[in-house]
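Residue numbers (the numbering used here), protein chains in the order written: chain A, 11 to 316; chain B, 11 to 316.
Just so it is clear, CB atoms sit at the ideal spot from N, CA and C, and this is done for glycine as well.
Okay, so here's the structure we're looking at.
Number of protein chains: 2
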Amino acid sequence: MLTLPESVLIEDEALRDGLQNEQRLFSVAEKRELVAAIAEAGVRRIQVGSFVSPKWAPQMANTDELFAVLPARPGLVYSALVLNRAGLDRALAAGVKHLSISVSASETHSRKNANKSVDEALADILPTIERALAEGIAVRAGVQSALGCGYEGAIDPRQVLRIARLFRDAGAREINIADTAGLADPQLVHRVVTTLRDDLGADVTLSLHLHDTRGLGLANMLAGLQAGVTVFDAAVGGLGGCPFIPAATGNIATEDAVFALGRMGVATGVDWMKLRPVALRLAELLGRKLPGRMAYIDGGPDGARA
Amino acid sequence: MLTLPESVLIEDEALRDGLQNEQRLFSVAEKRELVAAIAEAGVRRIQVGSFVSPKWAPQMANTDELFAVLPARPGLVYSALVLNRAGLDRALAAGVKHLSISVSASETHSRKNANKSVDEALADILPTIERALAEGIAVRAGVQSALGCGYEGAIDPRQVLRIARLFRDAGAREINIADTAGLADPQLVHRVVTTLRDDLGADVTLSLHLHDTRGLGLANMLAGLQAGVTVFDAAVGGLGGCPFIPAATGNIATEDAVFALGRMGVATGVDWMKLRPVALRLAELLGRKLPGRMAYIDGGPDGARA
Chain A
11 MLTLPESVLI
21 EDEALRDGLQ
31 NEQRLFSVAE
41 KRELVAAIAE
51 AGVRRIQVGS
61 FVSPKWAPQM
71 ANTDELFAVL
81 PARPGLVYSA
91 LVLNRAGLDR
101 ALAAGVKHLS
111 ISVSASETHS
121 RKNANKSVDE
131 ALADILPTIE
141 RALAEGIAVR
151 AGVQSALGCG
161 YEGAIDPRQV
171 LRIARLFRDA
181 GAREINIADT
191 AGLADPQLVH
201 RVVTTLRDDL
211 GADVTLSLHL
221 HDTRGLGLAN
231 MLAGLQAGVT
241 VFDAAVGGLG
251 GCPFIPAATG
261 NIATEDAVFA
271 LGRMGVATGV
281 DWMKLRPVAL
291 RLAELLGRKL
301 PGRMAYIDGG
311 PDGARA
Chain B
11 MLTLPESVLI
21 EDEALRDGLQ
31 NEQRLFSVAE
41 KRELVAAIAE
51 AGVRRIQVGS
61 FVSPKWAPQM
71 ANTDELFAVL
81 PARPGLVYSA
91 LVLNRAGLDR
101 ALAAGVKHLS
111 ISVSASETHS
121 RKNANKSVDE
131 ALADILPTIE
141 RALAEGIAVR
151 AGVQSALGCG
161 YEGAIDPRQV
171 LRIARLFRDA
181 GAREINIADT
191 AGLADPQLVH
201 RVVTTLRDDL
211 GADVTLSLHL
221 HDTRGLGLAN
231 MLAGLQAGVT
241 VFDAAVGGLG
251 GCPFIPAATG
261 NIATEDAVFA
271 LGRMGVATGV
281 DWMKLRPVAL
291 RLAELLGRKL
301 PGRMAYIDGG
311 PDGARA
């Protein structure tokens, strides 16, 4: 038997990481309907948007408005992404109770994405984390491009560890390791997670954000599980990445991850069958087939439904 | 660190399992060119066809002719699939030195595929294995639908073990566990492989045949590696399965598997970059994009080539 956790938490990011690069703008009503369906399937944390400049991410421009219409639901956390103090101000005004705040471990990615060096981004982000915590907001601090960078290639795990320590010292109790471009392999996932876990101690929960660029998304999830990770990001339909490059680079599909976890005896509280219509609805709205698999497969006699 | 073998053998099956359901018939010259390119990339075992009825698999009808034109190459094994005595006779006439001989672990699959019960198929296959071995042919004996059946669902691992023991007793020294429909999960792969390995002993090599139907192909490979498997089937481009069903059900792509193995420090002797043009050539001949990933991805700055 492979040694795996008994249960994990799934954070769905279809509405944020999934949609942020899509040209077709989704209305608040459409987003609300999708969030409700994802919640109905049993997902307990949903990242529904980000508070970044509408100039760079027009799809995210209605995130404030969306928060105003999301119904409270016991046991369900709505989260959003923030990359600087200005974003935190908007999140506070919108009444957000859980935030993802992140920097990139790659100098080049940081400069291209945030127009700052890694240290400049940290100088802005660390007080932002502290302020959010002081306001009573739950914060998850993320390291983008932690397992490889599309510009630079390999990322030194010591850089990831250095950032993670600063996050912990700023008070973050969940640290997200993001394979932003989908470049990780299972051995690397296992090594980086183990290194961070051993160094940061049991007070810090490590979560993984995986993309399926090279078909290794679920293999990387398996390695993360074996290293003790109990929180995974995913996106319904395997949405995400740029639709204009030939190889799909989406997030791991929530329905595929949940199905696989269930098969391996790892509880998620999510009914993957209820995510299928959500994935098919997203595919319909976007006008193309999505990369996730289980939305397109019949349950069949092999007990896929179980 | 995940504990993985130092090296593995890759058997490419693009020409057999990959092409067998394709409508476009490939000429001997085209197949020969593809085999040569796969060999040039460093693959040491290539399953190039099968000796089955041309009525059921017209694509395989020129397998005899193909064997006559394949150049001998040191360290390279050309293999073929045989499902009964008639096939063995054709293979012997063609001078084949390595055969895959298999039965299904699923009663329903066996009846649909071979028009025989599992025990009827075994009664035919076991003497065929013995005769092939007596003729000096290397034999790998395979259990189809060993990890799930598209008709029946779950397959009892005791049924797989029963067949594997009969294969071993007939003299087979490599036993192939095939996830014919791509229904396995990593925990099941690990459990079945471990059960068989513990029972059959070290004289028998276990190999795995994996499909990527649910996006778990490489995760299942990872579980197999952790259970000590050192021989994996794959197909360039991720070819295989029926092109007329919406979810791709191809084999794990050889270039993706080789890339991932290299990244994890598992040697294959194969240069995945040399498989990219083969995958693109297959895509061109078939007139569609194939499901494998690495053929469509630039090496980029992340050292994907390394």
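Every alpha helix (DSSP H) of 4 residues or more that sits fully in the segment 69-101 of chain A is shown, in chain order, as 73-79. Within the segment 176-194 of chain B, the residues whose Cβ lies closer than 7 Å to some Cβ of chain A are L193, listed in chain order. Taking a Cβ-Cβ threshold of 7 Å, the residues of chain B close to A:M274 are D195, P196, Q197, in chain order. For B:E184 and B:L216, the gap between their C-alpha atoms comes out near 6 Å. Residue contact with chain B for A:F242: absent (no Cβ-Cβ distance below 9 Å to any residue of chain B).
By the beta-carbon neighbour count (other beta carbons within 10 angstroms, threshold 16), B:E21 is buried.
Two segments are said to touch when three or more pairs of C-beta atoms, one from each, lie closer than 8 Å; by this definition the segment 11-29 of chain B does not touch the segment 289-301 of chain A.
Only those residues of the segment 225-238 of chain B whose C-beta falls short of 8 Å from the nearest C-beta of chain A are listed: G225, L226, G227, L228, A229, M231, L232, A233, Q236. Secondary structure at B:G248: helix, using DSSP grouped into helix, strand and coil. Listed along chain B, the residues sitting closer than 7 Å to A:D266 by beta-carbon distance are R224, G225.
Scanning B:T240, B:R224, B:A293 for the CA closest to the CA of B:R207 turns up B:T240. In terms of beta-carbon proximity, A:H119 stays away from the interface with chain B, with every pair separated by 9 Å or more. Think of a sphere of 7 Å around the beta carbon of A:A289: no beta carbon from chain B falls inside it, the nearest being about 12 Å out. Its Cα nearest to that of B:P64, the residue B:N72 stands out among B:G158, B:V58, B:N72. No Cβ-Cβ contact shorter than 9 Å links A:L220 with A:I173.
The Cβ atoms of A:V246 and A:A289 lie closer than 9 Å to each other. Here B:Q154 carries a strand assignment [DSSP, helix/strand/coil]. Interface with chain B (9 Å Cβ-Cβ cutoff): A:I20 is excluded. Residue contact with chain B for A:M283: absent (no Cβ-Cβ distance below 9 Å to any residue of chain B). Using a Cβ-Cβ distance cut-off of 8 Å, the segment 18-32 of chain B and the segment 191-210 of chain A are not in contact, since fewer than three pairs of beta carbons, one from each stretch, lie closer than that value. DSSP places A:A47 in the uninterrupted alpha helix (DSSP H) bounded by 38-50. By the C-beta density criterion, A:D129 is exposed, having fewer than 16 other C-beta atoms within 10 angstroms. Between A:N94 and A:I56, the C-beta gap is not smaller than 9 Å, which leaves the two residues out of contact. Not one beta carbon of chain A lies nearer than 9 Å to the beta carbon of B:I147. Annotation: the segment 167-215 of chain B contains the following complete segments of the beta strand (DSSP E) (minimum length 3 residues), in chain order: 184-188. Counting C-beta pairs closer than 8 Å gives three or more between the segment 103-115 of chain A and the segment 76-86 of chain A, which meets the contact rule.
Counting along the chain, the unbroken alpha helix (DSSP H) around B:R291 starts and ends at 282-296. A check of alpha carbon separations from B:Q30 across B:V62, B:R291, B:V45 identifies B:V62 as the nearest. Boundaries around A:D129 are those of the alpha helix (DSSP H), 128-144, since no beta strand (DSSP E) includes it. For B:L19, there is no enclosing alpha helix (DSSP H); the residue is part of the beta strand (DSSP E) that begins and ends at 19-22.
Burial check for B:G85: the Cβ neighbour count within 10 Å stays below 16, so the residue is exposed. A:L109 sits in a strand when the DSSP states are folded into three classes.
With a cutoff of 9 Å on beta-carbon distance, B:T190 and B:Q154 are scored as near each other. Only those residues of the segment 198-213 of chain A whose C-beta falls short of 7 Å from the nearest C-beta of chain B are listed: H200, R201. Closer than 9 Å to the CB of B:L14 there is at least one CB belonging to chain A.
Counting along the chain, B:V58 sits inside the beta strand (DSSP E) bounded by residues 55-61.
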